[in-house]
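Report on the structure given below.
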Amino acid sequence: MAPYYSISRRLTSMADIKNMSLNGFFKSNAKSLPDVKVVVSERFTNEDGSPIEWVLHPISTKRVEEITKRNTKTTIKNGKKESVVNEENLNAELLEAVVLYPSLNDAELQDSYGVSSANELLSVMLYPGETQVLTNALQEVMAGTKANDIDELKN
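First residue of the sequence shown: 667, per this note's numbering; consecutive thereafter.
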């Protein structure tokens, strides 16, 4: 999948840069990234038997950094700072922040699986391959690219 950025090799002078408008960068003019819909598993179907799409919403870099910080432990070993990231908790918390539908914090959904947290819910609700599809979708959302079906995510 091609990224939606391009690199211009044309050199720009400082005079050109001073004449460029910043309007497109203002928050009020920035376009929102779209939500991404993905079929995580064919096991979850609606009334007519069609697979149900999960909806993932992009989050800001600031929010990702906050979540990463909460899941990073810094220690000092032999006089050197060492940071260790709890990848499992990090991914679970990122998924909790990004997944809009189904609501992973819905008490009724959690009760149906006999769990009491979003992290536990994902671990019992999904099989490893399905978790990988969801994790790939998370990466697509965080990269700001679109992946709208399971086939795109597998390639």
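All residues carry an ideal CB built from backbone N, CA and C; glycine is no exception.
- Glu719 carries a coil assignment under DSSP once its states are collapsed to helix, strand and coil.
- The beta strand (DSSP E) runs lying completely inside the stretch 683-728 and spanning 3 residues or more are 702-704, 720-722, given in chain order.
- Gln798 and Pro768 have their C-alpha atoms spaced approximately 17 Å apart.
- For Ile718 and Asn752, the gap between their C-alpha atoms comes out near 30 Å.
- Around Thr738, the same chain offers Ser749, Val751 as residues with beta carbons nearer than 6 Å, after the five sequence neighbours per side are excluded.
- Beta-bridge partners of Tyr767 (DSSP): Val721.
- In terms of Cβ geometry, Glu806 and Val702 form a close pair [threshold 8 Å].
- Ranked by how close their Cα comes to the Cα of Trp720, the residues Ala809, Gly810, Glu796 have Glu796 in first place.
- The three-state secondary structure of Val799, taken from DSSP, is helix.
- The stretch 708-717 and the stretch 771-779 do not touch, with fewer than three beta-carbon pairs separated by less than 8 Å.
- Burial is judged here by how many other beta carbons sit within 10 angstroms of a residue's own beta carbon; Glu759 has at least 16 and is buried.
- Residue state for Ser789 is assigned as helix, using DSSP reduced to three classes.
- Apart from sequence neighbours up to five positions away, the residues of its chain that approach Leu800 with a beta-carbon distance below 6 Å are Val706, ordered along the chain.
- Boundaries of the alpha helix (DSSP H) around Ser778: 773-779.
- Of the candidates Lys684, Asn712, Val730, Met686, Val730 places its Cα closest to the Cα of Leu761.
- The beta carbon of Val790 sits closer than 7 Å to those of Tyr779, Val781, all from its chain and outside the five residues before and after it, given in chain order.
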